[in-house]
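Data block below; observations after.
Residue numbers (my numbering), protein chains in the order written: chain H, 1 to 321; chain B, 322 to 793.
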């Protein structure tokens, strides 16, 4: 009896235990399942937003590149015709060459100016002035590029602009800033760099602040002074910052639109016409949305290729502490 | 109890989450129609929606016309939608975007620049309405010059009724002219007289003064010079048709024989020697410091500069008068004259009027709006000041220009009467591409040497050929 009773109670215990274990395992699995889904639930709005407003337009844009569509009539499939026409279009070709030239000059100026000013502000100025200049140099970036360009257009007017008036005070004749290829390219670059160097400047300020003072002290002990310290200490240790700043500056510069559009409308001729301007003109002025998408796809591929090349090269030139 | 409580709590949480999710989905589905443009005020209530280029203030300024229209047609609700845009090209782009979004307006105020684009793709011809209401419309056409009407003919049909217009006349600063020791130019002055006038102005005021300021635009840029020289950058032809309209409304007009089924611009003409000659003339003005290198799309600061006596002459239309008055220029501080004569004295003009969209919900209501908007009553309400030239001859009178000038305001409408071949801005359905092709080459053409001019015109010819090949 007792054995049977013991056996029964053991069996009951086992059953109960098994029940509990099963019940416990089920609860834990549900918890795990919930834990697995919870992050997705939180991410869902972002994913949905990115999907709807970023991914979907990208996919649609790539698909559109294979269609002819004027937004009035129904789109018609044209295969690679848009790409073929775009490649043969001299205006598109010139605009890409202009964009690359612009990137080379503007990014070099932007980074050079930002780095020079960052070193000057960080090293030469008292703390209270540093705060002022950090804000002052960043300020143009928060202004509307279109508003700045309209204002600059007045400043650089050949007949009545302030810039030529100032030049006339020192005997320099009026410069046709916005009506000659060289003048207009110079103004577009100048305005763009003035407005955008502030971001690179802030990145460099951050980078400079992260360089340990001991490194400079060690360099001084080794006999390095003045610019040699910057060449042999600052620049190598800033290389990660420089990589980030240059990647961002190049991607931004490849998409330049506001300044040339407002200042020169791409002229004179095609002197300041850029790739994004041609996308805008194709889509919203000529209603060739397929061709505009094709140019957009090509520009995206170029941006991706340049960025990839930068990261590949960074393995050689970027020094991480 | 504890167990049952736990179960209840678990079910309750699930239920709550489920209900929340279902609620979000349900609300989204239920409110989905509200996410469409139909729910923008005025769109879903069967109002006649009218799109104009301008600001909310411009829309408000039309309220008196809407009120007057509503008195006549209480059954038609009207909403005016002002669309801000940098220029007409930008405005048309925005209208096309509305069309693509499935929320097109019923009626659009369209200028010459877009007349053929709309006629080709978007607008509904007015022919049947005009035939039906010919008796009502005779008074309107009797008051409007046929050149303006012809600008809205396309392939034999009329698509718009001209409401306002402007020709490229020459505005001159009277004090600059006096300082140069010159009298008002003659009506038939030539391009040589024009240049001599500029040279005299320059001599009298060598500093801080520009004798001839012009901008690189489709209206008032290089085109008036091309027209005056008997050419254009596009080959101009006319289509057949429309006889019924001319016979019905302009049978007795002396220029009846000139009228057609509408303008056509099918080929590029930048390689015409007369085009070269015209550009070379302008290049000479720039080279000799008599005229500016034109900035593309410039002109925003022009009123201020002219009103401050720093510009001698500039091409502009009647729309400038109110601007100069507002800028403080006295009525005798400026005056207007016809564009100089070259091989011809053909002028360039632009006009604007309402077009009924093919997609309009109620075309009959839209036509009633067009008819009313072209009436003397409505146009008097819309144009109390000379910020444009009304299409009706009877409104271009001393009263309109009183206290504002110019002294020779009659020049505005006389341009059409004295030079009946005066033509519209060349704007085929591919206008945006054509305009870009023209404007991008003008600055280079007039800024360098002869070689640069030849290269710029060759480039213009090529760009125009590409532009005209494109679908509208």
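Backbone N, C-alpha and C fix where the C-beta goes; we use that ideal spot for every residue, glycine too.
Check whether residue i and residue j have beta carbons under 9 Å apart
i: residue 444 of chain B; j: residue 676 of chain B; result: yes
i: residue 733 of chain B; j: residue 654 of chain B; result: no
i: residue 372 of chain B; j: residue 428 of chain B; result: yes
i: residue 310 of chain H; j: residue 197 of chain H; result: no
i: residue 701 of chain B; j: residue 716 of chain B; result: yes
i: residue 635 of chain B; j: residue 534 of chain B; result: yes
i: residue 274 of chain H; j: residue 289 of chain H; result: no
i: residue 208 of chain H; j: residue 118 of chain H; result: yes
i: residue 562 of chain B; j: residue 419 of chain B; result: no
i: residue 646 of chain B; j: residue 549 of chain B; result: no
i: residue 276 of chain H; j: residue 146 of chain H; result: no
i: residue 768 of chain B; j: residue 624 of chain B; result: no
i: residue 259 of chain H; j: residue 192 of chain H; result: yes
i: residue 765 of chain B; j: residue 754 of chain B; result: no
i: residue 670 of chain B; j: residue 615 of chain B; result: no
i: residue 666 of chain B; j: residue 740 of chain B; result: yes
Assigned exposure category for residue i - 16 Cβ within 10 Å defines buried
i: residue 154 of chain H; result: exposed
i: residue 438 of chain B; result: buried
i: residue 713 of chain B; result: buried
i: residue 126 of chain H; result: exposed
i: residue 782 of chain B; result: buried
i: residue 69 of chain H; result: buried
i: residue 543 of chain B; result: buried
i: residue 313 of chain H; result: exposed
i: residue 84 of chain H; result: exposed
i: residue 295 of chain H; result: buried
i: residue 774 of chain B; result: buried
i: residue 402 of chain B; result: buried
i: residue 46 of chain H; result: exposed
i: residue 195 of chain H; result: buried
i: residue 459 of chain B; result: exposed
CB contact check: residue i to chain H, cutoff 9 Å
i: residue 596 of chain B; result: no
i: residue 336 of chain B; result: no
i: residue 784 of chain B; result: yes
i: residue 751 of chain B; result: yes
i: residue 362 of chain B; result: For residue 362 of chain B, the predicted structure reports a pLDDT of 48, less than 50, and the residue's modelled location is therefore unreliable. A value from the coordinates is still provided. Output row for residue 362 of chain B: interface = no.
i: residue 661 of chain B; result: no
i: residue 534 of chain B; result: yes
i: residue 636 of chain B; result: no
i: residue 393 of chain B; result: no
i: residue 531 of chain B; result: yes
i: residue 442 of chain B; result: yes
i: residue 589 of chain B; result: no
i: residue 760 of chain B; result: yes
i: residue 537 of chain B; result: yes
Cutoff 9 Å: residue i Cβ touching any chain B Cβ
i: residue 288 of chain H; result: yes
i: residue 157 of chain H; result: yes
i: residue 39 of chain H; result: no
i: residue 178 of chain H; result: yes
i: residue 57 of chain H; result: no
i: residue 221 of chain H; result: no
i: residue 345 of chain H; result: Lying before the first or after the last residue shown, residue 345 of chain H is absent from chain H, which here runs from 1 to 321.
Limits of the unbroken alpha helix (DSSP H) element including residue i
i: residue 496 of chain B; result: 495–500
i: residue 369 of chain B; result: That residue, residue 369 of chain B, is in no alpha helix (DSSP H); its beta strand (DSSP E) goes 369–374.
i: residue 205 of chain H; result: 181–209
i: residue 634 of chain B; result: No alpha helix (DSSP H) contains residue 634 of chain B, which is instead part of the beta strand (DSSP E) from 632–637.
i: residue 397 of chain B; result: Residue 397 of chain B -> no alpha helix (DSSP H), and no H or E assigned at all.
i: residue 733 of chain B; result: 731–739
i: residue 601 of chain B; result: 594–608
i: residue 782 of chain B; result: 771–790
i: residue 655 of chain B; result: Run containing residue 655 of chain B: none in the alpha helix (DSSP H); it sits in the beta strand (DSSP E), 655–658.
Extent of the continuous beta strand (DSSP E) to which residue i belongs
i: residue 670 of chain B; result: 669–677
i: residue 486 of chain B; result: 481–488
i: residue 556 of chain B; result: 555–559
i: residue 536 of chain B; result: Where residue 536 of chain B is concerned, there is no enclosing beta strand (DSSP E), given that its DSSP letter is neither H nor E.
i: residue 570 of chain B; result: Element bounds for residue 570 of chain B: not the beta strand (DSSP E) but the alpha helix (DSSP H), 564–571.
Test: residue i CB closer than 9 Å to a CB of chain A
i: residue 53 of chain H; result: The structure shown contains no chain A; its protein chains are H and B.
Any alpha helix (DSSP H) of 4 or more consecutive residues that is wholly inside the segment 46–94 of chain H: 56–64, 81–88
Report the residue ranges of all alpha helix (DSSP H) runs contained in full by the segment 427–454 of chain B; include only those spanning at least 4 residues, in chain order. 433–442, 448–453
Which parts of the segment 106–177 of chain H are runs of the beta strand (DSSP E), unbroken and 3 residues or longer, counting only runs that do not cross its ends? none
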